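To keep things clear, I will list the structure first and then write my remarks on it.
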Amino acid sequence: MSIQENISLLPYNTFRMDVKARVFAEYNSVEELKELLVRYKGEQILHIGQGSNLLFTKDFDGIILHSAMRRARCVSEDEENVWIEADNGLVMDELIEQLCDMGISGMENLSYIPGEVGASAVQNVGAYGVEAKDVIETVRAISVETGTEHVFTNAECKYGYRDSIFKNELRGQYIITYVVFKLNKHLAPKLDYGNLRSEVSGEMSATAIREAVIRIRKQKLPEVSETGSAGSFFKNPIVPRELYESVAARYDKVPHYEQDGGIKIPAAWLIEQCGWKGKKKGGAQCYEKQPLVLVNAGNASPEDIIHLAAAICADVKNKFGITISPEVNYI
Ligand code: EPU
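And the structure:
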């Protein structure tokens, strides 16, 4: 394991906030993770993945844990399916690329989402009509309190839109170590989201879908290697039908989808209607190609991002009576 003290978190968060952590500890095995949990018992602990879904608002006076476990293995298979167990620290997109190369499908629509396997199972990441929960069979996790392992079934994870038990009742109580994905030997393409179907070129395969998803994402979303951001900053709000109808009565062609008994309206549309698309506030900017994303346009401070996000939320509330809330975790 490696333990560093008082280090900059700049390389560990995609928003590129230059804040410090008192301790940054990286482990290579579950045994090492357990040792760290004993050593830092009672301290404030934050386990991070690629730091692609969080906003450090200030220096972190606690222990940051990170996994250097980055392998995956086949644990079972039958005629139809393959069960792949992946380590928490494996970069999701590296896993997906390898699976597509092997002709194993199920995760290709999730291509190019930044982040690691463990975090994807906390956040239930999703894109282009597929969510992590659709392919997660079980989640293995270690209790922060006792160091014992618990295996959560998919149902026990209580997955919802960008939501799980690990963000609610069990917040901070477990560290996910391995995720078992149930994947397909035969391609069952999911191409109904937006223009995905027409973007796929050549012979249909997991790799062809992956390449189409990557092309679409590159057109709309900033590259985390080039521009600081945390992907979608806000969740898309799901509003009661009456609220949607009051908006639809005032605006032409309001984009919307039925979801979870309500109506989901893209936050990108609401934000664009408020005139924020492309606008800057300090070093923070509402991304010009996808206003759901806030970017660090150069030396943004945490306050710049917080102020921009608050101003956008306030305008959406005033104009539409709709509350949009951050998908990004404020630390
Ligand atoms: N829209 C606008 N203006 C814009 C862009 C989009 O009005 O400038 C409206 C359009 O009506 C469009 C709709 O927003 O049809 C939806 O846009 P898009 O398909 O780009 O998806 P999204 O709802 O904005 C969600 C996820 C993304 C994911 C895409 C594709 C959330 C919070 N975000 O965005 O996830 O890539 O769908 O499935 O649900 C992420 O989580 O970091 C992320 C990028």
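In terms of the numbering used here, the sequence shown opens at residue 82 and continues consecutively. Beta carbons are placed, not taken as given, at the ideal position from N, Cα and C, and that holds for glycine. Small disclaimer: the values here were computed from a predicted structure and weren't measured.
Query raised in the report: Residue range of the beta strand (DSSP E) that W350 falls in?
Result: Not the beta strand (DSSP E): W350 falls in the alpha helix (DSSP H), residues A348 to Q354.
Query raised in the report: With respect to the beta strand (DSSP E) encompassing S224, which residues constitute its N-terminal and C-terminal limits?
Result: I217 to S224
Query raised in the report: What distance in whole Å lies between the Cβ atoms of R152 and D174, which are believed to be in contact at a cut-off of 8 Å?
Result: Actually they do not touch by this definition, with Cβ atoms about 15 Å apart.
Query raised in the report: Any idea what DSSP makes of P383, helix, strand or coil?
Result: helix
Query - Cβ separation of V225 and Q254, assumed to be a contact under 8 Å, to the nearest whole Å - result: 6 Å
Report task. Examine the ligand EPU and report whether any of its heavy atoms sits within less than 7 Å of the Cβ of N205. Result -> no
Query raised in the report: Can you give the Cα-Cα distance for R252 and K101, rounded to whole angstroms?
Result: 23 Å
Requested in this report: Evaluate the contact criterion for the segment 174-185 versus the segment 288-306: three or more CB pairs, one atom per stretch, below 8 Å.
Outcome: yes
Query raised in the report: First and last residue of the beta strand (DSSP E) that includes A106?
Result: K101 to Y108
Query raised in the report: Considering only residues of the same chain and omitting the five flanking positions on each side of G210, which have a CB-CB separation below 7 Å?
Result: N190, K271, D273 and Y274
Query raised in the report: Looking at C-alpha atoms only, which residue of P303, E307, V163 and A202 is the closest neighbour of K263?
Result: V163
Query raised in the report: Tell me which same chain residues have a C-beta within less than 7 Å of the C-beta of E86, skipping the five on either side of it?
Result: R103 and V104
Query raised in the report: By a C-beta neighbour count over all protein chains shown, 10 Å radius and 16 as the cutoff for buried, is D99 buried or exposed?
Result: exposed
Query raised in the report: Got a sec: does the ligand EPU put a non-hydrogen atom nearer than 7 Å to the Cβ of E408?
Result: yes
Report task. Return yes when the C-beta of G356 is under 7 Å from any heavy atom of the ligand EPU, and no when it is not. Result -> no
Report task. Give the DSSP bridge partners of E116, in chain order. Result -> E116 pairs with nothing; no bridge assigned.
Requested in this report: Report yes if the C-beta of Q371 is less than 7 Å from at least one heavy atom of the ligand EPU; otherwise report no.
Outcome: yes
Query raised in the report: Taking DSSP as the reference, what is the three-state secondary structure of T288?
Result: helix
**Report entry** Member of I405, E158, I257 and G241 whose CA lies at the smallest distance from the CA of S110
**Finding:** I257
Query - Spatial distance of H231 from D341 (CA atoms) - result: 29 Å
Query raised in the report: Where do the ends of the beta strand (DSSP E) carrying D159 lie?
Result: Segment: none, D159 is in no beta strand (DSSP E) and carries neither H nor E.
Query raised in the report: Measuring CA to CA, which of Q131, A236, E197 and E116 is closest to T219?
Result: A236
Report task. Pull up the distance between the alpha-carbon of K115 and that of I319, whole angstroms please. Result -> 39 Å
Query - Check whether P195 and S133 have beta carbons under 8 Å apart - result: yes
Requested in this report: State whether the segment 360-374 contacts the segment 387-399, with contact taken as three or more CB pairs (one from each stretch) at a distance under 8 Å.
Outcome: yes
Requested in this report: For my contact list, M82 and E113 are in at a C-beta cut-off of 8 Å; report their separation, rounded to the angstrom.
Outcome: 5 Å
Requested in this report: Indicate whether A293 and L277 have their beta-carbon atoms separated by less than 8 Å.
Outcome: yes
Query raised in the report: Out of I403, A106, I84 and T308, which has the shortest C-alpha to C-alpha gap to E354?
Result: The amino acid occupying residue 354 in the given sequence is Gln; Glu does not appear at that position. Of the listed residues, the one whose Cα sits closest to Q354 is I403.
Query raised in the report: Taking 7 Å as the line, does the beta carbon of E353 fall inside it for any heavy atom of the ligand EPU?
Result: yes
Query - Rounded C-alpha distance that separates L146 from K358 - result: 35 Å
Query - Minimum C-alpha distance to K361 - residue among I393, R331 and K299 - result: I393
Query raised in the report: Taking the C-alpha atoms as reference points, what is the distance between Y240 and H337?
Result: 22 Å
**Report entry** Y108 versus H128 - alpha carbon distance
**Finding:** 11 Å
Query raised in the report: Terminal residues of the continuous alpha helix (DSSP H) containing I177?
Result: M173 to D182
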